[in-house]
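The block underneath contains the structure these notes are about, expressed in structure tokens.
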Amino acid sequence: MSAVIEQVFSDPDIYKIEVPFENLSTSATNCYVMKDGGDVLVVDTGAPTDEGAAALSDALDKLEVDRDHATWFLTHLHMDHAGLVDQVVPWGGFVLYGATEAATVRASRTGMFLDSLRREYRRQGVPIGSLSVAARLGIEVQMFDPDRLRSCLMRDGDEVAVGRYTLRVIETPGHTTGHLALYEPSNGILFGGDHALFVISPSIALFPGQKDGLQAYFDSMQKVRDLHVKHLFHSHGPVRDDFEDRFTWLVDHHRKRLDEAAGIIERIPHLTGYKIIRTLKWNVPFDDWDDVPIMQRYIMLTQGVVYLNHLVDTGRIVAKNYGDGILLYESAK
Ligand SMILES: [Zn+2]
Numbered sequence: 093m094s095a096v097i098e099q100v101f102s103d104p105d106i107y108k109i110e111v112p113f114e115n116l117s118t119s120a121t122n123c124y125v126m127k128d129g130g131d132v133l134v135v136d137t138g139a140p141t142d143e144g145a146a147a148l149s150d151a152l153d154k155l156e157v158d159r160d161h162a163t164w165f166l167t168h169l170h171m172d173h174a175g176l177v178d179q180v181v182p183w184g185g186f187v188l189y190g191a192t193e194a195a196t197v198r199a200s201r202t203g204m205f206l207d208s209l210r211r212e213y214r215r216q217g218v219p220i221g222s223l224s225v226a227a228r229l230g231i232e233v234q235m236f237d238p239d240r241l242r243s244c245l246m247r248d249g250d251e252v253a254v255g256r257y258t259l260r261v262i263e264t265p266g267h268t269t270g271h272l273a274l275y276e277p278s279n280g281i282l283f284g285g286d287h288a289l290f291v292i293s294p295s296i297a298l299f300p301g302q303k304d305g306l307q308a309y310f311d312s313m314q315k316v317r318d319l320h321v322k323h324l325f326h327s328h329g330p331v332r333d334d335f336e337d338r339f340t341w342l343v344d345h346h347r348k349r350l351d352e353a354a355g356i357i358e359r360i361p362h363l364t365g366y367k368i369i370r371t372l373k374w375n376v377p378f379d380d381w382d383d384v385p386i387m388q389r390y391i392m393l394t395q396g397v398v399y400l401n402h403l404v405d406t407g408r409i410v411a412k413n414y415g416d417g418i419l420l421y422e423s424a425k
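Going by the numbering used here, the sequence shown opens with residue 93, and the numbers climb by one from there.
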């Protein structure tokens, strides 16, 4: 399998590698190789498929990446970013990823997390039958074996040296609770992961017990805007220059969805979260909720709960529990 490699920047040389992976909205993960003065940085890997492993390996060989001495940086631990670490990073490889991301993934594997996720869905009135599937899908985050690697957990402001360049870690929670971007200030380059994409509006993480994920995303968006990025290298789809417009679009998109949910609650008070989420207009090619594939339905449920939580946190709606543990929503006005 030969990979699609494109040089997207020179001095420092940066190459985009498309690692194939078909899912709901994308056909590949963009991994990046940055080279300077004999140093090599690889940003993200790809989904754990044989085809992807072959494509990435081929690209790394063609770009003459010395895997033993490369620095491997993971923007987040979704399987289409961290899924090939075990296949491509050699024993003792130097792998950097988010401290918060690592803690979240560890926590999401515990029974306590599963219980709290089940409780969250129960509170929203999701039928019992869907709960176990939804909860199971919620923890399907691909993790590699950290014991065989030299792992380094990164936090906001940490630095990564590549030749003459020093890149700064920017925590950008929202898409995942520990999502990271990597910023090179002298050229205004941002390796942005899934923070802002053109092919899809990135999903927002729901992690029971943690703060409003959508507010975290809005705050991360402002943080990225304040960097005045000149070149955004994101993880799915072609590299484009008009990302500032896309930042605006993404925030507006979420604000419209919030208004839509608040409008439904104002018109029809005392609905469950599940009913409100099913009433929202989703951009999917299905008229009937039951025809939507389970994975997509789960994402819609998660995003719906994220919107409801944000509306409650910002005081626009209130959630009332009439004793059976299921929340009914009404306007705060
Ligand atoms: Zn992702």
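All C-beta atoms in this analysis are idealised placements derived from N, C-alpha and C, irrespective of residue type, glycine included.
{"query": "Could you tell me whether any non-hydrogen atom of ligand 2 is closer than 7 Å to the CB of residue 326?", "result": "Ligands in the displayed structure: ligand 1; ligand 2 is not one of them."}
{"query": "Since residue 288 and residue 335 are thought to touch, with beta carbons under 8 Å apart, how far apart are those beta carbons, to the nearest angstrom?", "result": "6 Å"}
{"query": "Tell me the DSSP secondary structure of residue 118 in three-state form.", "result": "coil"}
{"query": "Look up residue 154 in the DSSP assignment and say whether it is helix, strand or coil.", "result": "helix"}
{"query": "Around ligand 1, what residues have a beta-carbon under 5 Å from a heavy atom of it, in chain order?", "result": "170 and 286"}
{"query": "Would you say residue 254 and residue 152 are within 8 Å of each other, going by their C-beta atoms?", "result": "no"}
{"query": "Opposite residue 423 in the DSSP bridges: which residues?", "result": "409"}
{"query": "Apply the 10 Å Cβ neighbour rule to residue 41 and answer buried if 16 or more other Cβ atoms are within range, or exposed otherwise.", "result": "Past the edges of the chain, shown from 93 to 425, lies residue 41, and the structure says nothing about it."}
{"query": "Would you report the Cα separation of residue 367 and residue 267, rounded to the nearest angstrom?", "result": "24 Å"}
{"query": "Specify whether the segment 406 to 423 and the segment 349 to 360 touch according to this definition: at least 3 beta carbon pairs, one from each stretch, less than 8 Å apart.", "result": "yes"}
{"query": "Taking the alpha carbon of residue 274 as the reference point, which residue from 425, 126 and 376 has its own alpha carbon closest?", "result": "126"}
{"query": "Could you tell me the distance, in whole angstroms, from the CA atom of residue 306 to the CA atom of residue 141?", "result": "31 Å"}
{"query": "How long is the line joining the alpha carbons of residue 292 and residue 286, rounded to whole angstroms?", "result": "10 Å"}
{"query": "Taking only the alpha-carbon atoms, compute the straight-line gap between residue 401 and residue 248 and give it to the nearest angstrom.", "result": "26 Å"}
{"query": "Taking buried to mean at least 16 other C-beta atoms within 10 Å of its own C-beta, is residue 373 buried or exposed?", "result": "exposed"}
{"query": "Skipping 5 residues on each side, what residues in its chain have a beta carbon closer than 8 Å to that of residue 316?", "result": "262, 264, 273, 282, 284, 287, 288 and 339"}
{"query": "Anyone know if the C-beta pair for residue 67 and residue 391 falls short of 8 Å?", "result": "Outside the shown range of the chain (93 to 425) lies residue 67, about which nothing can therefore be said."}
{"query": "Would you mind working out which of 135, 94, 129 and 394 sits nearest residue 103, comparing C-alpha positions?", "result": "129"}
{"query": "Spatial neighbours of residue 343 within its chain, please: C-beta separation below 8 Å, excluding the five flanking residues on both sides.", "result": "310 and 313"}
{"query": "When we look at the beta-carbon of residue 122 and count the other beta-carbons within 10 Å, is it buried (16 or more) or exposed?", "result": "buried"}
{"query": "Tell me which same chain residues have a C-beta within less than 7 Å of the C-beta of residue 246, skipping the five on either side of it?", "result": "188, 189, 190, 191, 261 and 272"}
{"query": "Pairs of beta-carbons, one from the segment 192 to 201 and one from the segment 159 to 170, closer than 8 Å: are there three or more?", "result": "yes"}
{"query": "Taking the alpha carbon of residue 173 as the point to measure from, which residue in 99, 113 and 299 has its own alpha carbon closest?", "result": "113"}
{"query": "My output table needs one value for residue 134: the three-state DSSP class, helix, strand or coil.", "result": "strand"}
{"query": "Judging by CA-CA distance, which residue of 425, 385, 346 and 393 is the nearest neighbour of residue 407?", "result": "425"}
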